[in-house]
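Colleague: Taken in sequence, the protein lines are chains A and B.
The letter at position 74 of the first sequence is residue 74 when you use this note's numbering, and the numbering goes up by one with no holes.
In this note's numbering, each number is its position in the second sequence, counted from 1, plus 1000.
The structure follows.
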Amino acid sequence: MARSIKKGVYIEEKLYKKVLAAKSSKKREVIKTWSRSSTVIPEMVGLTLAVHNGKKFLPVFVTENMVGLKLGEFSITRNYRGHTSRNK
Amino acid sequence: MARIAGVEVPNNKRVEIGLTYIFGIGRSKSLTILDTVKVDKDKKVKDLSSDDLARIRKFIDDSVMVEGDLKKSISQDIKRLMEINCYRGRRHQRGLPVRGQRTKTNARTRKGPRGSMIKKKK
């Protein structure tokens, strides 16, 4: 079920503050975050966030198209290189 | 044979069913359309008056996204997902199920016939 509109989108508070700070200071430094469940908000556009994937932080450059999805969707957690090919 | 929304040619079925031959219109949407333009859903398509047809056409043209437009918007949505490199986009690229279904078994609709995966990658 979708989240109720009354509550607004979910974003971790600390991250939100950092995003606002980064936006106003115009310093384009990478913000590290573990909060994969946070929503990508319009304020993040143009920033680079380092989203934890359980092992390391993957850089995510936020563009306009990404707004509304969750951060975790851009930081893949699985490492699948395919099955070994059967050589004849 | 009536032409509604471009090339569609529903035959001598009831309008309710005839409309579903148009891509983007199913039973549910078909009923809402007929309800709003006040056409009896049990009428056969061939029995429709030209006025009925005109009203249906107008309504579909104005407020229902069908056929080419709909297909275009769907493929654009998918392309957008693939471009932003998100999880759903990756699943589309790989031709795997997008909504979290299991892939250990099944998922044949997305993956195609068994054993064809190697061919697909090339």
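Just so it is clear, CB atoms sit at the ideal spot from N, CA and C, and this is done for glycine as well.
At a Cβ cut of 9 Å, what residues of the segment 1076 to 1098 of chain B count as close to chain A, listed as they run along the chain?
Modeller: Within the segment 1076 to 1098 of chain B, the qualifying residues are ARG1080, LEU1081, GLU1083, ILE1084, ASN1085, CYS1086, TYR1087, ARG1088, GLY1089, ARG1090.
Colleague: Considering only the alpha carbon of each residue, which of A/HIS52, A/LEU71, A/SER25 lies closest to A/VAL40?
Modeller: To locate residue 40 of chain A, count along the first sequence from 1; it is residue 40. Minimum Cα distance to A/VAL40 is reached at A/LEU71.
Colleague: Using CA coordinates, which residue listed in A/SER85, A/GLY54, A/MET44 is at the minimum distance from A/LEU69?
Modeller: For the purposes of this step, residue 69 of chain A is taken as the residue at position 69 of the first sequence. Per the Cα distances, A/MET44.
Colleague: Could you give the residue range of the beta strand (DSSP E) that holds A/THR48?
Modeller: Locating residue 48 of chain A in the first sequence gives position 48, where the first residue counts as 1. Looking at the DSSP string, the run of the beta strand (DSSP E) that includes A/THR48 is 48 to 52.
Colleague: Among A/LYS7, A/ALA50, A/LYS6, whose alpha-carbon lies nearest the alpha-carbon of A/ILE31?
Modeller: Here residue 31 of chain A refers to the residue found at position 31 when the first sequence is read from its first residue. It is A/ALA50.
Colleague: Run through DSSP, which three-state label would B/ILE1022 get?
Modeller: One-based indexing of the second sequence puts residue 1022 of chain B at position 22. Correct three-state label for B/ILE1022: coil.
Colleague: Please decide whether A/GLU73 counts as near chain B, where near means a Cβ-Cβ distance under 7 Å.
Modeller: The residue given as residue 73 of chain A occupies position 73 in the first sequence. By this cut-off, A/GLU73 is an interface position.
Colleague: With a CB to CB cut of under 6 Å and the five nearest residues on each side skipped, what residues in its chain are close to B/VAL1037?
Modeller: Looking up residue 1037 of chain B in the second sequence gives position 37. Excluding sequence neighbours, B/VAL1037 sits near ARG1055, ILE1056, PHE1059.
Colleague: With a floor of 3 residues, list each beta strand (DSSP E) that falls wholly inside the segment 51 to 80 of chain A, ordered by position along the chain.
Modeller: You should have 57 to 61.
Colleague: Around the C-beta of B/ASP1077, are 16 or more other C-beta atoms found within 10 angstroms, so that it is buried, or is it exposed?
Modeller: Mapped onto the second sequence, residue 1077 of chain B falls at position 77. It is exposed - the Cβ of B/ASP1077 has fewer than 16 other Cβ atoms within 10 Å.
Colleague: Assuming the contact rule is C-beta atoms closer than 8 Å, A/PHE61 and A/THR48 should be a hit. Round their C-beta distance to whole Å, please.
Modeller: The residue labelled residue 61 of chain A in the question sits at position 61 within the first sequence. The residue labelled residue 48 of chain A in the question sits at position 48 within the first sequence. Between A/THR48 and A/PHE61 the Cβ distance is about 5 Å, and since that is below 8 Å, they are a contact.
Colleague: B/ALA1107 to A/SER75, Cα distance in whole Å?
Modeller: For this step, residue 1107 of chain B is matched to residue 107 along the second sequence. For this step, residue 75 of chain A is matched to residue 75 along the first sequence. Answer to the nearest angstrom: the Cα atoms are 24 Å apart.
Colleague: Name, in chain order, the residues that DSSP records as bridge partners for B/GLU1008.
Modeller: Start at 1 with the first residue of the second sequence, and residue 1008 of chain B comes out as number 8. DSSP output for B/GLU1008 lists B/ILE1004 as bridge partner(s).
Colleague: Can you list, in chain order, the residues of its chain whose CB lies under 6 Å from that of B/GLU1016, leaving out five sequence neighbours each side?
Modeller: Walking along the second sequence from the start, residue 1016 of chain B turns up at place 16. Counting only Cβ-Cβ distances below 6 Å, and skipping sequence neighbours, we find SER1030, LYS1041.
Colleague: Mapping DSSP to helix, strand and coil, what is B/ARG1094?
Modeller: For the purposes of this step, residue 1094 of chain B is identified with residue 94 of the second sequence, where counting begins at 1. In the structure shown, B/ARG1094 sits in a helix (DSSP, three-state: H, G or I).
Colleague: Between B/LYS1122 and chain A, is any beta-carbon pair separated by less than 7 Å?
Modeller: As a working note, residue 1122 of chain B is residue 122 in the second sequence. Because the pLDDT at B/LYS1122 is just 42, under 50, the model does not fix this residue reliably, and the point stays unresolved.
Colleague: Which of the three DSSP states, helix, strand or coil, is assigned to B/ARG1014?
Modeller: Here residue 1014 of chain B refers to the residue found at position 14 when the second sequence is read from its first residue. The answer is strand: DSSP assigns B/ARG1014 an E or B state.
Colleague: Quick one: using the 10 Å Cβ neighbour count with 16 as the cut-off for buried, is A/TYR10 buried or exposed?
Modeller: Numbered from its first residue, the first sequence carries residue 10 of chain A at position 10. Flag for A/TYR10 reads exposed.
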